[in-house]
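Last residue of the sequence shown: number 454 in the numbering used here, and the count goes up by one each step with no gaps.
We treat Cβ as the ideally placed atom computed from N, Cα and C, and that holds for glycine.
All remarks here apply to the structure that follows.
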Amino acid sequence: MLLTIQIERTVHGPVIGRTTAIDPGTGRSVPVAVSSQRSTFGDELGSAPAFLEWNDPDVIHGATDFQRAAGKETGTFNWTYVDSRDVAYNMSGKLPIRNPHINPNFPTWGTGEWEWQGFVPVDLSAADVHPRASTVPPSGAIVNGTLVSGFFTNWNNKPAPGFSAADSNFAYGPVYRVQSLSDRVGAILASRLAAPADVINAMEDAGSVDLDGSQLVPQVAAVLRGAALTPAQAQVLRILQSWAADSFWGAGVTGAHRRDRSGSGSYEQGNAVTIMDKLYPRLAHAVFDPWLAPRPNSNDGDSFGMLAGLNPLNDPPRAQGSAYDGGWEGYLQRALRQALNPRIPNGYSQVYCGGANGRGGNLASCRAALKSALQSTIDQLTSIYGSSDPASWTCARANDTRGADPGSGQNDSTRCNPELDDIQYSAIGVGTVPSMPWVNRPTFQQVVQYPAQR
Numbered sequence: 001m002l003l004t005i006q007i008e009r010t011v012h013g014p015v016i017g018r019t020t021a022i023d024p025g026t027g028r029s030v031p032v033a034v035s036s037q038r039s040t041f042g043d044e045l046g047s048a049p050a051f052l053e054w055n056d057p058d059v060i061h062g063a064t065d066f067q068r069a070a071g072k073e074t075g076t077f078n079w080t081y082v083d084s085r086d087v088a089y090n091m092s093g094k095l096p097i098r099n100p101h102i103n104p105n106f107p108t109w110g111t112g113e114w115e116w117q118g119f120v121p122v123d124l125s126a127a128d129v130h131p132r133a134s135t136v137p138p139s140g141a142i143v144n145g146t147l148v149s150g151f152f153t154n155w156n157n158k159p160a161p162g163f164s165a166a167d168s169n170f171a172y173g174p175v176y177r178v179q180s181l182s183d184r185v186g187a188i189l190a191s192r193l194a195a196p197a198d199v200i201n202a203m204e205d206a207g208s209v210d211l212d213g214s215q216l217v218p219q220v221a222a223v224l225r226g227a228a229l230t231p232a233q234a235q236v237l238r239i240l241q242s243w244a245a246d247s248f249w250g251a252g253v254t255g256a257h258r259r260d261r262s263g264s265g266s267y268e269q270g271n272a273v274t275i276m277d278k279l280y281p282r283l284a285h286a287v288f289d290p291w292l293a294p295r296p297n298s299n300d301g302d303s304f305g306m307l308a309g310l311n312p313l314n315d316p317p318r319a320q321g322s323a324y325d326g327g328w329e330g331y332l333q334r335a336l337r338q339a340l341n342p343r344i345p346n347g348y349s350q351v352y353c354g355g356a357n358g359r360g361g362n363l364a365s366c367r368a369a370l371k372s373a374l375q376s377t378i379d380q381l382t383s384i385y386g387s388s389d390p391a392s393w394t395c396a397r398a399n400d401t402r403g404a405d406p407g408s409g410q411n412d413s414t415r416c417n418p419e420l421d422d423i424q425y426s427a428i429g430v431g432t433v434p435s436m437p438w439v440n441r442p443t444f445q446q447v448v449q450y451p452a453q454r
């Protein structure tokens, strides 16, 4: 059978779709082809000079040589360099400079007058070397206001302060999963130099952190401090606070783990895991529904749903392993902090938590919204588990998960079960590999120590 596929290409790249747009000259709707422009299109081998230099020991003698070669890499990647004296970081890529007269949030006409204005110079790329003569430390080297030994961490977060997100990324903000790693490495270096085992421990511990719990429970508790809670609400909040605390790493490092170190079949503090899984979406709706959900008897679009389509509420643990790479945690944390202090740095234009219909909220109205979300969570779990006692809200492998989709994470209508978080392997051939307990895995892990310079 002969199968013919027609691929259309423009000067900007392949055609990825067709739609209509308003012609700015005539004001009429006209059919258009849509193309996604990529700076490396047609130049996929442009990175070769960088790799040739990186792999030549006669060319690379240290971090400076590494950085120079990285400037020749056209692909957008995070690169790190380590020897016995230096660590270095570089985010490579041909980063286009947009025409200043276009709106970066919308497509632009490909008729020639709105083209890119060249590329960001190499010396302005996100890069750093430590140690160095400058007094400005690399990102993550400030712990509790004190400069400690320098280190770099990156877990798909923005490469440098002030670095803009890609057009498809709506998750950059005050919360990102790299904090689980940075906080632990920083806690080690605040007291001593890190040995390889310390770095591995920090990495492994960060891999079981529930980002929703670690970054939001302290803020929820801060907003509800002093509020009139029912005994059930107060009990649930205490359970969450105990889970989010982590005495091992010291003050300022939150826990909130999804793990079963003893192999008992149940998550430790599993009722807190269960509560947070149900509470998180309710928090998002409680804070943002008054602003984003369609109003009754109106023609409003579902802005909440559209935003969740661009940036899902969260990236939960599930079969792929990698999790919390984007979500609304930063939106929520900022909104809750602003309810406590409307003048926080980099705050929203108004207090969203507790507000509605164009009017900003305040601490009292935000507390009411959070209490409602908390009570809705209690009611849901009481119904699912058949008991109002939080001790019975386990996250155990024995729990019935009928109705849940294996591999897709926890289900809002079923009991919590670690099996729904498990990492699943894709079989090749006739063999199969058993699933493994969830860990927020990277692509690969290496621990390298140099007794000599390189």
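Residue(s) in a DSSP beta bridge with residue i
i: H61; result: DSSP, once it has assigned bridges, lists no residue as partnering H61.
i: Y450; result: According to DSSP, which records beta bridges pairwise, Y450 is partnered with nothing at all.
i: H456; result: Residue 456 cannot be examined here, being either before or after the span of the chain that is shown, 1 to 454.
i: T40; result: The partner list for T40 (beta bridge, DSSP) is empty, contrary to what the question assumes.
i: C392; result: The amino acid at residue 392 is misidentified as Cys; the sequence shows Ser. The partner list for S392 (beta bridge, DSSP) is empty, contrary to what the question assumes.
i: I129; result: Ile is not the amino acid found at residue 129; the sequence shown has Val there. Paired residue(s): A88.
i: W79; result: N90
i: I423; result: M436
i: R441; result: Partner(s): none; R441 has no beta bridge.
i: F106; result: Its beta-bridge partners do not exist; DSSP assigns none.
i: I22; result: S29
i: T10; result: G13
i: S242; result: In DSSP, S242 forms no bridge with anything.
i: V120; result: According to DSSP, which records beta bridges pairwise, V120 is partnered with nothing at all.
i: S35; result: V15
i: S266; result: A396
i: P96; result: F119
Proximal residues to residue i (C-beta, below 6 Å), its chain only, five neighbours per side dropped
i: A194; result: I188
i: H12; result: S35, Q37, G110
i: R177; result: W155, L211, Y324
i: A335; result: V287, Y352, C353
i: T46; result: The amino acid at residue 46 is misidentified as Thr; the sequence shows Gly. Once the five neighbours on either side are set aside, the close Cβ partners of G46 are T74.
i: T80; result: Y89
i: G173; result: G330
Residue environment, residue i, which counts as buried when at least 16 other CB atoms sit within 10 Å
i: T146; result: Because T146 carries a pLDDT of 41, less than 50, the predicted location of this residue cannot be relied on, and no value is offered for it.
i: D300; result: exposed
i: I5; result: exposed
i: A166; result: exposed
i: R261; result: exposed
i: G17; result: exposed
i: A171; result: buried
i: Y425; result: exposed
i: S208; result: buried
i: V185; result: buried
i: A398; result: exposed
i: S182; result: buried
i: M306; result: exposed
i: S139; result: Note on S139: pLDDT 41, under 50, position unreliable in the model; the coordinate value appears next. Buried is the call here.
i: L310; result: exposed
i: G326; result: buried
i: G42; result: exposed
i: N357; result: exposed
i: L52; result: exposed
Residues near residue i in its chain [Cβ-Cβ closer than 7 Å; skip 5 each side]
i: A404; result: N411, T414, L420
i: D23; result: V30
i: P218; result: A244, T254
i: V273; result: D210, R258, Y267, C395, C416
i: S214; result: S180, A244, T254, G255, A256
i: D302; result: A293, P294
i: S134; result: Because the pLDDT of S134 is 35, which lies under 50, any placement of that residue in the model is unreliable, and the number read from its coordinates should be weighed accordingly. So no residue of the chain qualifies.
i: K94; result: S39, T40, T74, F119
i: T19; result: V32, V34
i: P96; result: S39, W116, F119
i: W393; result: N271, T274, I275, L381, Y385
Own chain, CB closer than 8 Å to residue i, minus 5 neighbours either side, in chain order
i: V447; result: P196, V199, I200
i: R98; result: P104, W116, Q117
i: A284; result: L313, W328, Y331, L332
i: A126; result: Y89, N90, M91, P159, A160, F163
i: T10; result: A33, S35, G110
i: G321; result: I423, W438, V439, N440, R441
i: S408; result: R318, A319, L420
i: Y450; result: V82, D83, S84
i: A373; result: L279, R282, L283, H285, A286
i: V433; result: Y425, A427
* Count the C-beta pairs between the region 220 to 239 and the region 373 to 391 that are closer than 8 Å, then say yes if the count reaches three, no if not. => yes
* With a cut-off of 8 Å, do at least 3 Cβ pairs link the region 71 to 86 to the region 429 to 443? -> no
* the region 344 to 357 contacting the region 198 to 210, beta-carbon criterion three pairs below 8 Å -> no
* To do: Scan the region 311 to 397 and note each continuous alpha helix (DSSP H) run of 4 residues or more that stays entirely inside, going in chain order.
  => 329 to 340, 363 to 385
* To do: Enumerate, from N- to C-terminal direction, the unbroken alpha helix (DSSP H) stretches of 4 or more residues contained entirely within the region 170 to 224.
  => 178 to 189, 196 to 206, 211 to 224
* Asked: What are the uninterrupted segments assigned as alpha helix (DSSP H) that are 4 or more residues long and contained completely in the region 268 to 301, given in chain order?
  -> 270 to 292
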